[in-house]
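A.B. asks: Provided herewith is a single structure, encoded as structure tokens, for subsequent inquiry.
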Amino acid sequence: MRWLLSLAALLLAGLAQAQTTEVFPGELNLTVTVANADVVPFEQEMVLITIHGKYRRHITLEKLEQPDLSDFNWMQLGNDQWYDTTENGKKVKNFKRRMALYPDKAGELTIGSFTHHLHLTDEGDDWFLHDLKSEPITVKVNPAPATDGWWFPVRQLEVTDSWSNAPDQLTPGEGVLRIIRVEAVGIGPDMIPPMPELTSPSAMIFPHPEKRLVELSPEGPVSVAFWRWTIRPTNDTSAIIEPIAFDFYDTRNRVPRSVTISAQRVAYDESTLPAVRAPAASAELHPLAVWIAAGVAALLGLAATLAGRRFGGWQALRRLPPFDPARRGLWAAARRGDLAALRRAAARLMRRDGATPGQGALLAQLDRAIFDPKAGGFDARGFVKSFLGTRRETDTIG
């Protein structure tokens, strides 16, 4: 019976001590630790810190106040965590917050004290405010290494290159969507390099607005950028998309590295290209038109002979507007509203007769109508009129 009374007295004493307005050493503790504290970071490299509180008193309200981090950009990595542990048979309440800091400059930088404003209870079960502060921390930061491009320090980098369909098996007039996905651990989305310019000597390239996302993890932010382009060859064979390269700094292994995305061939599938038409087109004309054309050819030939000039014969006559199959193909595509066929017919005319600067500008307008999602309605008949109006006069007699 005596030992029960002693145990009760001890419990009452402990309870009274827990409810007192006096806070005893070891009851409340708040620390700030730096991950990989033995490594000296560079400017803009992530400094991962953990704010950890241990509380052996009942807490009714709390609020953590962070110091003025004027020398850093910072990001809180998710919500605060509260959980219980047991130490020496007693329950201990824990608080944890993870933050990523990014030094704006080199030198000795100070992370000031965090203050946890706590509402505790006294002997009468009334609340009273108690402020708990962490010790300040000094972090040494090195200047960022000199680089020709974008300073890009990451803990982990993953780059993938994908295409909407096989880039070397396109159908005529078809474009292909290229997506490069850049996933970087340890930086914010604004620190990923800007979307590069995709170049090719023989392809039409339409860039799309890039997208950037970020997810938060205990090991730092995971940022993702999507770089997108629509690409199509400008001829009936193929185009080469030139390689892309950029540098980054591996902060885990403390070494600079580079990423190279190799060149890619973009081409039409040869099995889907339209067959080459036979040069003769007389079968498409009415028999009366054939006799008329023959008579005109004879008259023109006679006139050219009398003038001492050489006549190109039937092939020259086929390039006159009423008889030219290439022109008829251009008008037929315009009447159908088939912009891809219109593009192929225009390209055939330019290869046969040569191109003018005006035709190149018209083709660029047509390509935008085909591949730019924001392009409005396109006047196909007006295009043909303008295109033929700028054509070189290559139909010659002599």
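Heads up: the sequence shown is residues -18 to -1, 1 to 380, going by mature numbering (1 follows the signal peptide of the UniProt record, and there is no 0). From the three backbone atoms N, C-alpha and C, an ideal C-beta is built for every residue, glycine too. Nothing here was measured: the structure is a model prediction, and the numbers come from that model.
1) My guess is that ARG326 and ALA308 are in contact by the Cβ rule of under 8 Å, so how many angstroms apart are they, rounded?
2) For ILE169, which residues does DSSP report across the bridge?
3) Exposed or buried, what is TRP109 when buried is set at 16 or more other beta-carbons lying within 10 Å of its beta-carbon?
4) Please report the residue range of the beta strand (DSSP E) in which GLY35 lies.
5) According to DSSP, which residues form a beta bridge with PRO215?
6) Roughly how many angstroms separate the alpha carbons of THR68 and VAL74, rounded to a whole number?
7) Where does the unbroken alpha helix (DSSP H) through PHE365 begin, and where does it stop?
8) Please state the DSSP three-state secondary structure of ALA262.
9) For ALA19, which option in LEU30, LYS115, THR153 and GLY155 has the closest C-alpha, if you only look at C-alpha atoms?
10) Under 8 Å between the Cβ atoms of LEU152 and VAL121?
11) By the three-class DSSP mapping on this structure, what secondary structure does TRP313 have?
12) Leaving out the 5 sequence neighbours to the left and right, which residues in its chain are closer than 6 Å to TRP209 when beta-carbon positions are compared?
13) Helix, strand or coil for ARG330, going by three-state DSSP, please let me know.
14) Could you pull out every residue in the same chain whose Cβ sits closer than 7 Å to the Cβ of SER368, ignoring the five residues on either side in sequence?
15) Hey, could you find the ends of the beta strand (DSSP E) LYS87 is sitting in?
16) Cutting at 7 Å between CB atoms, please list the residues of its own chain near ASP143, excluding the five before and the five after it.
17) Given ILE174, which residues of its chain have a CB within under 8 Å of its CB, disregarding the five upstream and five downstream residues?
18) Using 10 angstroms around the beta-carbon of ASP306, count the other beta-carbons present and answer buried if the total reaches 16, otherwise exposed.
19) Which residue from LEU51, GLU25, LEU370 and VAL5 puts its Cα closest to that of TYR37?
20) Exposed or buried, what is THR3 when buried is set at 16 or more other beta-carbons lying within 10 Å of its beta-carbon?
21) Residue range of the beta strand (DSSP E) that ASN55 falls in?
22) Look at the alpha carbon of LEU370 and the alpha carbon of ASP335, and state the distance between them as a whole number of angstroms.
23) So, at 8 Å on beta carbons, what are the nonlocal neighbours of LEU348 in its own chain, with the 5 sequence-adjacent residues on each side left out?
24) How is GLY94 classed by DSSP in three states: helix, strand or coil?
25) Name the one or two DSSP bridge partners that LEU10 has.
26) If you follow the beta strand (DSSP E) that GLN246 is in, where does it begin and where does it stop?
27) Just to check my reading of the structure: LEU114 and LEU12 have Cβ atoms closer than 8 Å, yes? What is that Cβ distance to the nearest angstrom?
28) If you follow the beta strand (DSSP E) that TRP109 is in, where does it begin and where does it stop?
29) When you compare only the Cα positions, how much space is there between PRO200 and GLY60?
30) Nearest CA to the CA of ASP150: which residue from TYR84, LEU100, SER220 and ASP130?
31) Could you give the residue range of the beta strand (DSSP E) that holds THR68?
32) Given this structure, state the Cα-to-Cα distance separating PHE24 from PRO85, to the nearest angstrom.
33) Taking the C-alpha atoms as reference points, what is the distance between PHE230 and GLN26?
34) For a test of the three-state rule: what should DSSP assign to GLN138, helix, strand or coil?
35) Just to check my reading of the structure: PHE77 and ASP62 have Cβ atoms closer than 8 Å, yes? What is that Cβ distance to the nearest angstrom?
C.D. replies: The answer reads as follows:
1) At roughly 11 Å, the Cβ-Cβ gap does not stay under 8 Å, so ARG326 and ALA308 are not in contact.
2) According to DSSP, which records beta bridges pairwise, ILE169 is partnered with nothing at all.
3) exposed
4) 29 to 37
5) ALA185
6) 6 Å
7) 362 to 371
8) For ALA262, the pLDDT reaches just 40, beneath the cut-off of 50, and the residue's location in the model is therefore unreliable, although a value from the coordinates is still provided. Coil, per DSSP.
9) LEU30
10) no
11) helix
12) ILE162, MET177 and GLU192
13) helix
14) LEU344
15) Unbroken run through LYS87: none, as it is neither H nor E.
16) ILE162 and ILE243
17) PHE134, VAL164, ALA166, ARG194, SER205 and ALA207
18) buried
19) VAL5
20) exposed
21) 54 to 58
22) 11 Å
23) LEU321, LEU324, ARG325, ALA328, PHE360 and PHE365
24) coil
25) TYR37
26) 246 to 249
27) 5 Å
28) 109 to 115
29) 8 Å
30) SER220
31) 63 to 69
32) 8 Å
33) 13 Å
34) strand
35) 7 Å
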